[in-house]
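**Q** These protein sequences, in sequence, are chains A and B. Residue numbers for the first sequence, in the UniProt record's numbering: 1 to 326. Residue numbers for the second sequence, in the UniProt record's numbering: 1 to 351.
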Amino acid sequence: MLAFLLRRAVQSVLVLAVVGLIAFSMFRFAGDPVNQIVGPDTPVSERAEIRRSLGLDDPTLVQFGRYAGNVLRGNFGISYQFRQPVAALLAERMPATLELALCATVFALTVGILMGVYCALRRDTALAKLFQAVSLIGVSLPTFLIGILLIFLFSVTLGWLPSYGRGDTVRLGWWSTGFLTLSGLKALILPSVTLGLFQMTLIMRLVRAEMLEVLRTDYIRFARARGLTTHAVHFGHALKNTLVPVITIAGLQLGSVIAFSIITETVFQWPGMGLLFVQAVQNVDIPIMAAYLLLVAAIFVTINLAVDLLYSVVDPRLRLATGRAA
Amino acid sequence: MSAPILTVRDLRVAFETRAGSLPAIDGVSFEIGRGEILGVVGESGAGKSVTGSAVIGLLDPPGRIVGGEIHLGTERIDTLPPERMRRVRGRRIGMIFQDPLTSLDPLYRVGEQIVETIRTHTDLSARAARNRAVDLLAEVGIPAPERRIDGYPHEFSGGMRQRVVIALALAAEPELIIADEPTTALDVSVQAQVITLLKRLCRDHGTAVMLVTHDMGVIAEAADRVAVMYSGRIAEIGPIESVVRNPRHPYAIGLMGAIPTLTQGAGRLAQIPGSMPRLTAIPPGCAFHPRCPKVFGRCRVERPEPIPVGTEPGGIGTDPARIGTSAVACHLYDADAAGGAAPHAEPLQVR
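So, in structure tokens, the structure goes:
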């Protein structure tokens with residue numbers, strides 16, 4: 001098990017190194033950095049001086065090493081547009097994104113699993129068919145359209161929920177949370193639903209399909225033959241077996257919820273990292289873009305690792321398999 | 001003979017499909033007594049497993065019982081509401097499935113599954129149920145049961161898993177066990193062990209067993225009586241010695257003839273030409289007549305009903321499904337009809 005963990009950790013580091021290389025190469029891709037610092041009249045000698053003082057004459061590999069070292073120390077450079085350290089900018093906006101992603105994931109998982117289980121167990125009811133139809137809409141409508149429709153319905157027409165922003169937030173140390181105020185919670189609802197809707201329908205369809213599959217297996221038949229209650233068969237045996245593959249998908253989806261919160265944050269003017277990234281793209285603010293890329297990669301890698309661990313907790317067969325491989 | 005544990009009367013099961021109602025089981029009657037093992041044999045699709053599923057009330061849709069009665073002891077069980085029937089399953093009827101590798105839930109320890117079954121049907125405390133589970137595992141021959149009880153199914157071999165499945169079927173001391181091809185998925189060397197175990201357990205507990213298999217060797221080894229099924233009907237039923245050594249129905253003769261023996265020499269194995277009709281195309285008259293070497297005119301138009309045969313006391317003239325009687329559904333043995341003009345009055349010889 002330990003060897004398995006170590007191997008996965010090494011793989012994770014490799015992935016991050018490659019992403020780091022891509023992030024680093026963005027600086028060069030967008031043109032000569034010196035041009036972005038100096039004015040058009042700056043003499044060539046001065047440019048060379050700047051180039052030398054910034055270490056831009058060094059071999060690319062040395063420059064990458066320096067960049068990686070800085071990143072490891074939490075130094076992502078200075079934002080071109082804000083003239084502030086990128087790390088501070090991201091840290092300031094991270095709570096908003098993470099809280100939004102958390103709510104969206106909780107919404108997607110609970111509602112998705114509940115609807116999926118219902119659709120599997122009561123396959124022929126009208127409600128199950130309605131869920132199926134709704135899930136098709138959820139899968140096919142683009143996120144920004146869902147967001148705009150929700151705003152139109154709940155903010156403009158009904159006036160129940162705010163259409164943008166986080167509402168009032170409370171600071172807990174460096175973390176600003178919207179969970180502790182009523183306006184903060186209300187502001188979370190629409191963006192969370194918008195962000196989680198796609199994952200919810202995905203999870204619902206996955207749970208439904210998996211559970212129907214599991215309900216056909218021999219051990220479920222045998223569980224019935226043992227005279228277990230329907231409740232025990234469905235929720236003790238069928239659901240638990242259904243969740244094994246769902247965990248992987250849900251884990252990966254959590255990563256994409258954070259990564260793709262860009263659109264939702266733009267629609268709802270949510271002051272998170274996604275909105276920061278969109279602004280960075282518009283202003284060619286490469287340090288922010290590079291840092292965001294690295295951050296998202298790190299989140300994905302961490303979630304993957306967590307999913308692997310969770311897997312072996314749920315499924316004893318994998319515990320053995322990984323133990324053997326070790 | 002004491003009252004039978006299981007009585008099946010004229011059971012009929014149909015699969016409702018778009019093509020209409022297909023008769024999977026068409027008028028099957030038999031009884032199983034206390035501590036008795038009834039072997040049910042036949043080709044794939046003969047309705048053996050469907051009969052077992054019907055008895056335990058686990059027919060998969062679109063299959064459903066459309067006629068007949070099933071009695072467990074004195075209680076009629078085919079009409080019980082689902083919740084009452086659930087209490088019968090596991091408590092009064094245990095079941096063993098074909099593939100022990102897939103019969104156990106892979107995510108739970110075997111002990112958890114046994115305890116779960118015991119506590120569903122009894123009032124035992126968790127601790128008492130666990131003790132009983134250890135005893136059960138010991139009884140089915142699992143070494144070091146107090147340690148193995150905390151193992152997961154994948155940590156057991158196929159034979160050991162089938163033992164666990166048997167322990168699960170026995171968990172609440174049922175009166176009847178339906179064993180659906182319990183050895184088919186096992187190694188030959190393990191098959192004999194499992195059959196011996198099954199025999200010993202039902203002798204010790206007085207449990208009746210319906211042993212569904214297509215393996216004549218298993219039947220010969222374990223069964224007290226045997227029912228030969230063909231196309232959803234019982235072709236012949238009777239004590240094991242009489243059906244195996246002296247089969248009467250042409251299909252049973254063909255089936256027994258297909259068993260290789262040590263003395264037979266190394267020629268081609270005997271086989272019955274053709275294959276069993278599909279449910280959508282069961283021929284009129286006797287379903288076996290297109291393949292029957294002894295076919296005559298009446299077979300093509302009139303379906304044979306079970307006729308009591310044999311010399312067991314009280315056999316002739318009583319209900320053909322009764323314990324101890326032999327019955328064969330074949331016009332060859334209908335002595336009354338056509339003034340005894342059936343072409344073969346004497347029992348057919350096994351070649």
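Beta carbons are placed, not taken as given, at the ideal position from N, Cα and C, and that holds for glycine. These numbers come from a predicted model, not from an experiment.
Taking a Cβ distance cut-off of 8 Å, strictly less, list which residues of the stretch 227 to 238 of chain A are near chain B, in chain order.
**A** Answer in chain order: G227, L228, T229, T230, A232, G236 and H237.
**Q** Let me know if A:T230 comes out buried or exposed under the rule of 16 or more other beta-carbons within 10 Å of its beta-carbon.
**A** The sequence position of residue 230 of chain A within the first sequence is 230, counting from 1. Exposed, since its Cβ has fewer than 16 Cβ neighbours within 10 Å.
**Q** Give the DSSP-derived three-state secondary structure of B:H249 in the structure shown.
**A** The count along the second sequence starts at 1 and reaches residue 249 of chain B at position 249. Three-state DSSP puts B:H249 in coil, outside helix and strand.
**Q** Per the DSSP calculation, A:L21 is bridged to which residue(s)?
**A** Walking along the first sequence from the start, residue 21 of chain A turns up at place 21. According to DSSP, A:L21 bridges with nothing at all.
**Q** Who are the neighbours of B:L168 on chain A, taking C-beta pairs under 8 Å?
**A** Counted from its first residue, the second sequence places residue 168 of chain B at position 168. Residues of chain A passing the Cβ test: F222 and R226.
**Q** At the level of alpha carbons, what is the spacing between B:V243 and B:G254?
**A** One-based indexing of the second sequence puts residue 243 of chain B at position 243. One-based indexing of the second sequence puts residue 254 of chain B at position 254. Distance between the alpha carbons of B:V243 and B:G254: 12 Å.
**Q** So A:R317 contacts chain B; which residues on that side make the cut at Cβ distance below 8 Å?
**A** In the first sequence, the residue the question calls residue 317 of chain A occupies position 317. Correct list: P106, Y152 and H154.
**Q** Tell me, which residues are paired with B:I307 by DSSP?
**A** Within the second sequence, residue 307 of chain B is the residue found at index 307, counting from 1. Answer is B:V328, bridged to B:I307.
**Q** Does the Cβ-Cβ distance between B:P290 and B:P284 come in under 8 Å?
**A** Here the question's residue 290 of chain B lines up with position 290 in the second sequence. Here the question's residue 284 of chain B lines up with position 284 in the second sequence. Not closer than 8 Å, so no.
**Q** May I ask you to list, following chain order, the residues of the stretch 49 to 80 of chain B that have a beta carbon less than 7 Å from some beta carbon of chain A?
**A** Under the 7 Å Cβ criterion, the stretch 49 to 80 of chain B contributes I56 and L58.
**Q** Name, going along the chain, the residues of the stretch 20 to 36 of chain B whose beta-carbon falls closer than 7 Å to a beta-carbon of chain D.
**A** Of the protein chains in this structure, namely A and B, none is chain D.
**Q** Establish whether the CB of A:T217 and some CB of chain B are separated by less than 8 Å.
**A** For the purposes of this step, residue 217 of chain A is taken as residue 217 along the first sequence, with counting starting at 1. It does: the Cβ of A:T217 has a partner Cβ on chain B nearer than 8 Å.
**Q** So, are the CB atoms of B:G12 and B:P23 less than 8 Å apart?
**A** One-based indexing of the second sequence puts residue 12 of chain B at position 12. One-based indexing of the second sequence puts residue 23 of chain B at position 23. Here residue 12 of chain B turns out to be Arg, not Gly, going by the sequence shown. It is a contact, given that the beta carbons lie within the stated cut-off.
**Q** Checking contacts by CB at 8 Å: is B:H289 closer than that to chain A?
**A** The sequence position of residue 289 of chain B within the second sequence is 289, counting from 1. No, because no Cβ of chain A sits closer than 8 Å to the Cβ of B:H289.
**Q** What does B:P239 pair with, by DSSP beta-bridge criteria?
**A** Taking the second sequence and counting its residues from 1, the one referred to as residue 239 of chain B is at position 239. In DSSP, B:P239 forms a bridge with B:R225.
**Q** Run through DSSP, which three-state label would A:L180 get?
**A** Position 180 of the first sequence, counted from the first residue, corresponds to residue 180 of chain A. Coil.
**Q** What did DSSP end up calling B:L348 once you bin it into helix, strand or coil?
**A** The count along the second sequence starts at 1 and reaches residue 348 of chain B at position 348. Interpretation of B:L348 is limited by its pLDDT of 45, a score under 50 that renders its predicted location unreliable; the figure taken from the coordinates is listed afterwards. Coil, per DSSP.
**Q** Which residues, taken in chain order from the stretch 108 to 131 of chain B, show a beta carbon closer than 9 Å to some beta carbon of chain A?
**A** For the stretch 108 to 131 of chain B, which is checked against every Cβ of chain A, the residues closer than 9 Å are Y108, R109, Q113, E116, T117, T120 and H121.
**Q** Check for me: the alpha helix (DSSP H) holding B:E83 runs from which residue to which?
**A** Mapped onto the second sequence, residue 83 of chain B falls at position 83. Taken as a continuous stretch (DSSP letters only), the alpha helix (DSSP H) holding B:E83 covers P82 to V88.
**Q** Determine the closest residue to B:I178 out of B:V212, B:A138, B:D78 and B:P250, with distance taken between C-alpha atoms.
**A** For the purposes of this step, residue 178 of chain B is taken as residue 178 along the second sequence, with counting starting at 1. Looking at the Cα atoms, B:V212 is the closest of the given residues.
**Q** Are the CB atoms of A:G138 and A:V207 within a distance shorter than 8 Å?
**A** Translated into positions along the first sequence, residue 207 of chain A becomes position 207. Translated into positions along the first sequence, residue 138 of chain A becomes position 138. No, Cβ-Cβ distance for A:V207 and A:G138 is not below 8 Å.
**Q** Name the residue from B:E75, B:T74 and B:A54 whose alpha carbon lies nearest to the alpha carbon of B:I65.
**A** For the purposes of this step, residue 65 of chain B is taken as residue 65 along the second sequence, with counting starting at 1. Among B:E75, B:T74 and B:A54, the Cα nearest to that of B:I65 belongs to B:A54.
**Q** For B:Y333, does the three-state DSSP call read helix, strand or coil?
**A** If you number the second sequence from 1, residue 333 of chain B lands on position 333. In the structure shown, B:Y333 sits in a helix (DSSP, three-state: H, G or I).
**Q** By Cβ distance, which residues of its chain are closer than 7 Å to A:W175, with the 5 residues on each side in sequence left out?
**A** Mapped onto the first sequence, residue 175 of chain A falls at position 175. Here the set comprises P95.
**Q** Leaving out the 5 sequence neighbours to the left and right, which residues in its chain are closer than 7 Å to B:R203 when beta-carbon positions are compared?
**A** As a position in the second sequence, residue 203 of chain B is number 203, starting the count at 1. Answer for B:R203: G35, listed in chain order.
**Q** Checking contacts by CB at 8 Å: is A:N75 closer than that to chain B?
**A** In the first sequence, the residue the question calls residue 75 of chain A occupies position 75. Not an interface residue.
**Q** With a cut-off of 8 Å, do at least 3 Cβ pairs link the stretch 226 to 241 of chain B to the stretch 32 to 46 of chain B?
**A** Taking 8 Å as the limit for Cβ pairs, the verdict is that the stretch 32 to 46 of chain B does touch the stretch 226 to 241 of chain B.
**Q** Kindly indicate the opening and closing residues of the alpha helix (DSSP H) around B:P100.
**A** Taking the first residue of the second sequence as 1, we reach residue 100 of chain B at position 100. Residues P100 to S103.
**Q** Taking 8 Å as the threshold (beta carbon to beta carbon), is A:V307 in contact with chain B?
**A** Residue mapping note: residue 307 of chain A aligns to position 307 of the first sequence, counting from 1. Cβ-Cβ to chain B under 8 Å: no for A:V307.
**Q** Could you check whether B:G90 and B:H71 sit closer than 8 Å to each other, using their CB atoms as the reference points?
**A** On the second sequence, residue 71 of chain B is found 71 positions in, with the first residue counted as 1. On the second sequence, residue 90 of chain B is found 90 positions in, with the first residue counted as 1. Taking 8 Å as the Cβ cut-off, B:H71 and B:G90 do not qualify as a contacting pair.
**Q** In three-state terms, what does DSSP make of A:V38?
**A** Residue 38 of chain A sits at position 38 when you count from the first residue of the first sequence. A:V38: coil per DSSP, three-state reduction.
**Q** In chain B, which residues lie less than 9 Å from A:K240 when you measure between Cβ atoms?
**A** As a first step, residue 240 of chain A is located in the first sequence; it is residue number 240 there, counting from the start. Within chain B, the residues near A:K240 are D105, L107 and Y108.
**Q** Would A:A325 pass as an interface residue toward chain B - the criterion being a Cβ-Cβ separation below 8 Å?
**A** Within the first sequence, the letter at position 325 stands for residue 325 of chain A. Note on A:A325: pLDDT 40, under 50, position unreliable in the model; no value is reported.
**Q** Taking the beta carbon of A:Q269 as the centre, do at least 16 other beta carbons fall within 10 Å, making it buried, or is it exposed?
**A** On the first sequence, residue 269 of chain A is found 269 positions in, with the first residue counted as 1. A:Q269 comes out exposed.
**Q** Skipping 5 residues on each side, what residues in its chain have a beta carbon closer than 7 Å to that of A:A68?
**A** To locate residue 68 of chain A, count along the first sequence from 1; it is residue 68. Closer than 7 Å at Cβ, skipping near neighbours: G20.
**Q** Should the stretch 200 to 214 of chain A be regarded as contacting the stretch 128 to 142 of chain A, the criterion being three or more beta carbon pairs within less than 8 Å?
**A** Judged by Cβ distances under 8 Å, the stretch 200 to 214 of chain A makes contact with the stretch 128 to 142 of chain A, as three or more pairs qualify.
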